[in-house]
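Inspection log for the structure reproduced underneath, given as structure tokens.
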């Protein structure tokens, strides 16, 4: 065999070995733009799990707080940039659905999803993942230093002893903040609900633009009391923070993290695969590591930091009412309380 022939054969061999790699790279070229309000410490595991099942699809996250993601999606209505949403409040998705911005789809395993945790339409516009509910992070060390009693109810937080000691999320920025305001209005009625928030406002030191931040601030001792949600409260306590998790006796506001496909996506099949995965038992096993109540019953295991009747403490939440009245609630809230909002 001549030198040229040997060289040609070597090139052919390298080319034959390289082509499958190039083909594999080409197959991985579908980039799915996914908007999310998931916690920053959750998204890496979720992305890795999905891409392991679908190596031909790469998730490109766009992440922010619930209110900001919702506002961004609404602003982009005429020219959507997102392909899908994975981990946004059901109350926000109800607004997008009302605006005709979601692509209805019945994912695989839909039959296993609790009817309370998905949109009522068939096929549904959005499908739930897990529930997050209100909780108070109470720093026991700071409380002892400052002579503060442990609160047990929402009403307790209006007592003069807590003046300037409470931090909570801003409802326009944070889904947790909005579920609190919405729940108080639903539980107490409009008049008493606003009276309650007026009284609570006197004790608020700061309204943050993140649902997690109040508990983080309480855990670090910046404020003794942070109104947050159970995931962040449990995570902080498990990390050694000196906090008690308080579940107010009147009931807990809540929302459901959910998945939806954005109407008009050019990557519809890939978005459907994401919706299928999100509703699967495999995904529920991921969510179960973070939340006590899942959209598929019977998977979540009890956590020693939460009472066995935790799900029963969640209020009867009217998603339609919350979404229909969201703009009105936020406008009134901002008019009354914006003065203590954290600077952006």
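In mature numbering (1 follows the signal peptide of the UniProt record, and there is no 0), the protein residues as written are -28 to -1, 1 to 316. Using N, Cα and C, we set each Cβ at its ideal position, and we do this for glycine too. Note that this is a predicted model, so its numbers are computed, not measured.
Taking all protein chains shown into account, decide if residue i is buried (16 or more other Cβ within 10 angstroms of its Cβ) or exposed.
{"i": "residue 117", "result": "exposed"}
{"i": "residue -8", "result": "Note on residue -8: pLDDT 42, under 50, position unreliable in the model; the coordinate value appears next. Burial call: exposed."}
{"i": "residue 269", "result": "exposed"}
{"i": "residue 264", "result": "buried"}
{"i": "residue 3", "result": "exposed"}
{"i": "residue 132", "result": "exposed"}
{"i": "residue 290", "result": "exposed"}
{"i": "residue 139", "result": "buried"}
{"i": "residue 308", "result": "exposed"}
{"i": "residue 41", "result": "buried"}
{"i": "residue 186", "result": "buried"}
{"i": "residue -5", "result": "Any answer about residue -5 is weak, because its pLDDT of 46 lies below 50 and its placement is not dependable; what the coordinates show is given next. Classification of residue -5: exposed, given that the 10 Å Cβ count is below 16."}
{"i": "residue 310", "result": "exposed"}
{"i": "residue 121", "result": "exposed"}
{"i": "residue 211", "result": "exposed"}
{"i": "residue 109", "result": "buried"}
{"i": "residue 218", "result": "buried"}
{"i": "residue 162", "result": "exposed"}
{"i": "residue 123", "result": "buried"}
{"i": "residue 292", "result": "exposed"}
{"i": "residue 71", "result": "exposed"}
{"i": "residue 300", "result": "exposed"}
Comparing alpha-carbon positions, which option in the options lies nearest residue i?
{"i": "residue 56", "options": "124, 242, 290", "result": "242"}
{"i": "residue 209", "options": "314, 267, 277, 168", "result": "277"}
{"i": "residue 143", "options": "82, 132, 156", "result": "156"}
{"i": "residue 200", "options": "85, 188, 42, 192", "result": "188"}
{"i": "residue 317", "options": "74, 183, 104", "result": "Missing from the structure shown is residue 317; the chain here goes from -28 to 316 and no further."}
{"i": "residue 106", "options": "272, 26, 204", "result": "204"}
{"i": "residue 302", "options": "30, 71, 213, 141", "result": "141"}
{"i": "residue 149", "options": "71, 88, 104", "result": "104"}
{"i": "residue 297", "options": "90, 64, 28", "result": "64"}
{"i": "residue 83", "options": "239, 251, 49", "result": "251"}
{"i": "residue 229", "options": "31, 10, 152", "result": "10"}
{"i": "residue 60", "options": "216, 89, 50, 85", "result": "89"}
{"i": "residue 236", "options": "24, 173, 54, 285", "result": "54"}
{"i": "residue 32", "options": "239, 92, 216", "result": "239"}
{"i": "residue 29", "options": "19, 36, 37", "result": "19"}
Could you pull out every residue in the same chain whose Cβ sits closer than 8 Å to the Cβ of residue i, ignoring the five residues on either side in sequence?
{"i": "residue 247", "result": "56, 77, 79, 99, 231, 232, 233"}
{"i": "residue 316", "result": "181"}
{"i": "residue 287", "result": "155, 158, 159, 223, 224, 225, 226"}
Leaving out the 5 sequence neighbours to the left and right, which residues in its chain are closer than 7 Å to residue i when beta-carbon positions are compared?
{"i": "residue 274", "result": "280"}
{"i": "residue 136", "result": "175, 177"}
{"i": "residue 266", "result": "102, 256, 259, 260, 272"}
{"i": "residue 14", "result": "262"}
Three-state secondary structure (DSSP) at residue i?
{"i": "residue 273", "result": "coil"}
{"i": "residue 314", "result": "coil"}
{"i": "residue 318", "result": "The chain is shown from -28 up to 316; residue 318 falls before or after that span and cannot be answered."}
{"i": "residue 101", "result": "strand"}
{"i": "residue -3", "result": "For residue -3, the predicted model reports a pLDDT of 45, less than 50, meaning its position is unreliable and no value from the coordinates is stated."}
{"i": "residue 150", "result": "helix"}
{"i": "residue 56", "result": "strand"}
{"i": "residue 231", "result": "strand"}
{"i": "residue 266", "result": "strand"}
{"i": "residue 90", "result": "strand"}
{"i": "residue 14", "result": "coil"}
{"i": "residue 50", "result": "coil"}
{"i": "residue 195", "result": "coil"}
{"i": "residue 120", "result": "coil"}
{"i": "residue 210", "result": "helix"}
{"i": "residue 68", "result": "helix"}
{"i": "residue 246", "result": "helix"}
Name the one or two DSSP bridge partners that residue i has.
{"i": "residue 291", "result": "Its beta-bridge partners do not exist; DSSP assigns none."}
{"i": "residue 8", "result": "35"}
{"i": "residue 286", "result": "224"}
{"i": "residue 140", "result": "179"}
{"i": "residue 201", "result": "106"}
{"i": "residue 74", "result": "234"}
{"i": "residue 30", "result": "3"}
{"i": "residue 111", "result": "215"}
{"i": "residue 61", "result": "229"}
With a CB to CB cut of under 6 Å and the five nearest residues on each side skipped, what residues in its chain are close to residue i?
{"i": "residue 34", "result": "7"}
{"i": "residue 115", "result": "196"}
{"i": "residue 126", "result": "220, 222"}
{"i": "residue 318", "result": "Shown here, the chain extends from -28 to 316; a query on residue 318 therefore has no answer."}
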